[in-house]
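Protein chains in written order, with our numbering: chain R, 17 to 338; chain H, 7 to 329. Even for Gly, the Cβ is constructed at its ideal location relative to N, Cα and C.
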Amino acid sequence: MSEEKASLSDERMQAMYRDMLRIRRFEETAFELFEQGEVVGGIHVSIGQEACSVGACSTLREDDAILTTHRGHGHSIAKGTRLPEMMAELLGKATGLCHAKGGSMHIADVSKGHYGAHSIVGSNMPMAVGIGLAFHFEGKGQVAVVFFGDGAANEGSFHESVNLASIWKLPVIFFCENNHFASSTRVGYATSVADISARAGGYDIPGVTVDGMDVLAVHEVMVEAVDRARRGLGPSLIEAKTYRYFGHSRKDPQFGPYRTEDEWNEWKAKDPLLVAEEILGVSEAQKIAHLDAVEDELQDALAFARQSPEPEPDDVYEDLYA
Amino acid sequence: MRTISYSAAINEALHEEMERDEKVFLMGEDVALSAISPATAGLGDRFGHERVRNTPISELGFTGAAVGAAMAGYRPVLDMRRIDFMMLAIDPIANQAAKLRYMLGGQVSVPLVIRAPEGGYSQNGPTHSQCLEAWFIQVPGLRVIVPSDPADVKGLLKSAIREDNPVLFVEYRALYSLEGPVPEGDHTEPIGKAAVKREGADITLIGIGSQARGCLEAAELLAGEGVDAEVVDPRTINPLDVEGLAASVRKTGRCVVAEEGHKSGGVGAEIAASVQEAAFNSLKAPISRVAALDVPVPVHTKLEAIVLPSTEKIVAAAKKALS
Chain R
17 MSEEKASLSD ERMQAMYRDM LRIRRFEETA FELFEQGEVV GGIHVSIGQE
67 ACSVGACSTL REDDAILTTH RGHGHSIAKG TRLPEMMAEL LGKATGLCHA
117 KGGSMHIADV SKGHYGAHSI VGSNMPMAVG IGLAFHFEGK GQVAVVFFGD
167 GAANEGSFHE SVNLASIWKL PVIFFCENNH FASSTRVGYA TSVADISARA
217 GGYDIPGVTV DGMDVLAVHE VMVEAVDRAR RGLGPSLIEA KTYRYFGHSR
267 KDPQFGPYRT EDEWNEWKAK DPLLVAEEIL GVSEAQKIAH LDAVEDELQD
317 ALAFARQSPE PEPDDVYEDL YA
Chain H
7 MRTISYSAAI NEALHEEMER DEKVFLMGED VALSAISPAT AGLGDRFGHE
57 RVRNTPISEL GFTGAAVGAA MAGYRPVLDM RRIDFMMLAI DPIANQAAKL
107 RYMLGGQVSV PLVIRAPEGG YSQNGPTHSQ CLEAWFIQVP GLRVIVPSDP
157 ADVKGLLKSA IREDNPVLFV EYRALYSLEG PVPEGDHTEP IGKAAVKREG
207 ADITLIGIGS QARGCLEAAE LLAGEGVDAE VVDPRTINPL DVEGLAASVR
257 KTGRCVVAEE GHKSGGVGAE IAASVQEAAF NSLKAPISRV AALDVPVPVH
307 TKLEAIVLPS TEKIVAAAKK ALS
């Protein structure tokens with residue numbers, strides 16, 4: 017048993033498992049709704065990557081910030097985003113978090129410290145630096161965590177952001193979910209290093225690669241990075257190696273030309289929920305109870321979304337200017 | 007009233023707003039040390055290098071950071087040195103700052119000011135002479151301010167810093183040493199209101215930024231030939247005070263629009279279209295545009311003068327509209 021696990025109460029471990037289940041079932045439900053044509057716009061699901069979202073966000077306070085990507089449902093839920101309003105956004109309702117203006121790719125719940133999913137790859141990193149700068153000014157020990165993929169690690173914004181956070185010692189954690197593919201482009205083709213965490217050396221900050229299928233392993237490395245950030249010691253780069261089970265977006269095939277069914281099955285054998293059941297000590301009875309509770313919550317969210325009104329034509333000008 | 011320069015007026019506005027509101031901070035390349043730009047001189051000494059923050063040469067990074075800090079409750083003012091350098095930071099400006107409030111259902115506001123000095127007449131060549139404000143009136147959500155004299159640059163910068171929306175604040179390098187009367191103390195000017203800079207009855211000269219100055223000089227020359235020209239400065243181009251401009255054109259029946267940016271797809275094109283929609287029946291001649299030619303701005307003095315607008319070109323356009 018690791019030192020970190022020893023410090024987590026059973027209640028917290030059960031909550032971590034339940035959050036992973038909430039993400040899995042939310043996205044499975046959303047994808048079904050999408051296939052049935054009930055979702056307005058596209059969605060990108062993160063099924064297979066739940067340990068990253070929950071491992072990371074389980075170390076944060078409500079007044080800490082996250083920023084995520086087009087594949088951000090998991091981070092959003094793990095940070096406490098309200099599910100009914102999130103579901104309403106997917107269904108294009110006026111009660112949605114973004115009033116049906118942003119859709120799945122721009123889910124945000126600032127009241128919970130969620131500063132948005134940002135759909136331009138790499139755009140969220142500079143903004144995280146700025147939120148980190150604001151937290152530095154405030155001096156309350158808050159941290160900003162920015163999630164991005166292996167693809168975004170090749171954007172210029174990555175370099176500028178990590179350098180800025182390093183020279184200014186800002187409380188920013190750069191959390192790279194390396195799911196091995198930028199759309200169809202394999203990380204090994206597109207990236208100069210085998211481990212993206214190795215790039216931390218170029219910025220004189222800690223960099224660590226962790227098993228992104230293991231929620232507890234992710235939690236442990238985050239605890240250390242968050243502690244450093246809160247103490248004013250500056251940013252960290254975490255790379256979690258993980259895998260998305262679905263295609264990049266709506267139409268691309270699950271396997272197709274860029275990965276094999278064998279590879280997919282190898283990762284599926286390390287499913288983060290199965291791993292979590294074992295290492296967090298979730299019994300079969302507990303699992304069933306969690307599933308029931310999650311189903312109830314999801315059905316309530318869906319009912320809220322379905323009963324909500326669509327936006328009115330006049331809403332088109334709302335929220336453009338403060 | 008005392009007289010100070012355009013750049014001194016910017017400097018005064020920054021001092022006063024940083025004094026007034028501790029959430030205001032300044033960020034950019036070489037802003038912390040005095041003597042690099044007269045617009046920021048003395049601020050680093052007065053407010054310290056936390057609030058007057060030098061950045062590495064990372065336009066994308068620090069502009070995105072300013073958007074983040076603005077979302078988190080601060081009021082960053084960015085110094086872009088030159089608008090040409092801002093092209094490296096288009097994503098945080100056009101995709102993020104301008105859209106976040108709308109896209110996130112009103113959950114955030116982005117009170118950010120991007121100071122963007124621009125323009126030519128200085129033999130700095132194609133990549134250091136551009137006027138790009140026309141690009142940004144295509145981006146809903148972004149205020150675009152184009153002040154043409156010291157009083158307006160102070161009053162509008164103070165209003166921009168208090169504005170809860172992102173603002174592209176264009177400064178004209180050709181005007182930096184221009185002297186003019188500027189009220190002391192808390193002088194603000196409204197965003198979205200054109201100003202008549204000279205009254206006249208025969209023709210309306212609409213000048214944007216540096217060309218408002220060109221229009222005033224052209225009006226002097228025209229007066230010598232018996233033409234009574236009115237000069238109107240829109241001062242902000244998002245929002246654009248179409249009614250303020252059209253009111254003048256209804257009075258004079260003739261109009262020339264002058265800008266330092268390129269002619270095609272320019273601010274002048276937008277103004278000409280909007281004014282004719284609002285005042286078509288008053289027009290006695292087509293609205294004429296004076297602008298930079300549709301070629302890059304060359305270094306050589308003689309070639310640059312051919313490309314950029316001038317007082318003489320405005321006078322010629324006015325005479326044509328009057329003929």
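What number of angstroms, rounded off, separates the C-alpha of residue i from the C-alpha of residue j?
i                        : j                           : result
asparagine 60 (chain H)  : tyrosine 333 (chain R)      : 37 Å
proline 153 (chain H)    : glutamate 326 (chain R)     : 42 Å
histidine 235 (chain R)  : arginine 28 (chain R)       : 12 Å
valine 296 (chain H)     : isoleucine 320 (chain H)    : 6 Å
asparagine 194 (chain R) : isoleucine 254 (chain R)    : 10 Å
alanine 47 (chain H)     : valine 37 (chain H)         : 8 Å
valine 301 (chain H)     : threonine 133 (chain H)     : 12 Å
lysine 156 (chain R)     : leucine 162 (chain H)       : 34 Å
proline 288 (chain R)    : lysine 303 (chain R)        : 14 Å
threonine 45 (chain R)   : glutamate 51 (chain R)      : 10 Å
glycine 118 (chain R)    : glycine 146 (chain R)       : 22 Å
threonine 207 (chain R)  : phenylalanine 271 (chain R) : 21 Å
leucine 39 (chain H)     : methionine 86 (chain H)     : 15 Å
proline 156 (chain H)    : glutamine 217 (chain H)     : 14 Å
serine 272 (chain H)     : alanine 116 (chain R)       : It is glycine, not serine, that sits at residue 272 (chain H) in the sequence shown. Glycine 272 (chain H) and alanine 116 (chain R): Cα-Cα distance of roughly 33 Å.
leucine 113 (chain R)    : methionine 121 (chain R)    : 12 Å
glutamate 293 (chain R)  : alanine 305 (chain R)       : 13 Å
aspartate 316 (chain R)  : alanine 309 (chain R)       : 11 Å
DSSP three-state call for residue i: helix, strand or coil?
i                        : result
threonine 84 (chain R)   : strand
serine 199 (chain R)     : coil
leucine 296 (chain R)    : coil
lysine 203 (chain H)     : strand
valine 332 (chain R)     : helix
histidine 306 (chain R)  : helix
valine 142 (chain H)     : First, the residue type needs correcting, since residue 142 (chain H) is phenylalanine and not valine in the sequence shown. Helix, per DSSP.
valine 209 (chain R)     : coil
methionine 17 (chain R)  : Only weak support exists for where methionine 17 (chain R) lies, its pLDDT of 44 falling under 50; the value from the coordinates is given anyway. If DSSP states are grouped into helix, strand and coil, methionine 17 (chain R) belongs with coil.
alanine 24 (chain H)     : Correcting the residue identity first, residue 24 (chain H) is methionine in this sequence and not alanine. Reduced to three states, the DSSP call for methionine 24 (chain H) is helix.
glycine 114 (chain R)    : Sequence check: residue 114 (chain R) is cysteine here, not glycine. It is coil, neither helix nor strand.
lysine 325 (chain H)     : helix
asparagine 171 (chain H) : coil
So, does the CB of residue i fall closer than 9 Å to a CB anywhere in chain R?
i                        : result
proline 62 (chain H)     : yes
asparagine 17 (chain H)  : no
alanine 298 (chain H)    : no
methionine 109 (chain H) : yes
alanine 115 (chain H)    : Here residue 115 (chain H) is serine; the residue named in the question, alanine, does not match the sequence. Chain R contact via Cβ: present.
glutamine 144 (chain H)  : no
aspartate 27 (chain H)   : no
With 9 Å set as the bound, which would you pick, yes or no: does the beta-carbon of residue i sit closer than that to a beta-carbon of chain H?
i                           : result
alanine 216 (chain R)       : no
phenylalanine 320 (chain R) : no
aspartate 335 (chain R)     : yes
aspartate 125 (chain R)     : yes
asparagine 281 (chain R)    : no
proline 100 (chain R)       : no
lysine 156 (chain R)        : no
Sort out for me which residues DSSP pairs residue i with in a bridge.
i                        : result
serine 11 (chain H)      : H:Glu185
tyrosine 178 (chain H)   : H:Glu124
arginine 295 (chain H)   : H:Val263
glycine 157 (chain R)    : Glycine 157 (chain R) pairs with nothing; no bridge assigned.
leucine 232 (chain R)    : Beta-bridge pairing links leucine 232 (chain R) to no other residue.
alanine 11 (chain R)     : Here chain R comprises residues numbered 17 to 338, so residue 11 (chain R) is not present and cannot be evaluated.
methionine 238 (chain R) : In DSSP, methionine 238 (chain R) forms no bridge with anything.
leucine 314 (chain H)    : Paired residues: none, contrary to the question.
Run the CB neighbour count on residue i, radius 10 Å, all protein chains shown included, and call it buried at 16 or more, exposed below.
i                        : result
alanine 71 (chain H)     : buried
valine 55 (chain R)      : buried
lysine 284 (chain R)     : exposed
isoleucine 312 (chain H) : exposed
tyrosine 205 (chain R)   : exposed
methionine 17 (chain R)  : Residue confidence for methionine 17 (chain R) is low, a pLDDT of 44 falling below 50, so the modelled location carries little weight; the figure read from the coordinates is stated next. With fewer than 16 other Cβ atoms within 10 Å, it is exposed.
leucine 84 (chain H)     : buried
proline 189 (chain H)    : exposed
glutamate 101 (chain R)  : buried
methionine 33 (chain H)  : buried
threonine 69 (chain H)   : buried
isoleucine 97 (chain R)  : Contrary to the premise, residue 97 (chain R) reads as threonine rather than isoleucine in this sequence. Result: buried.
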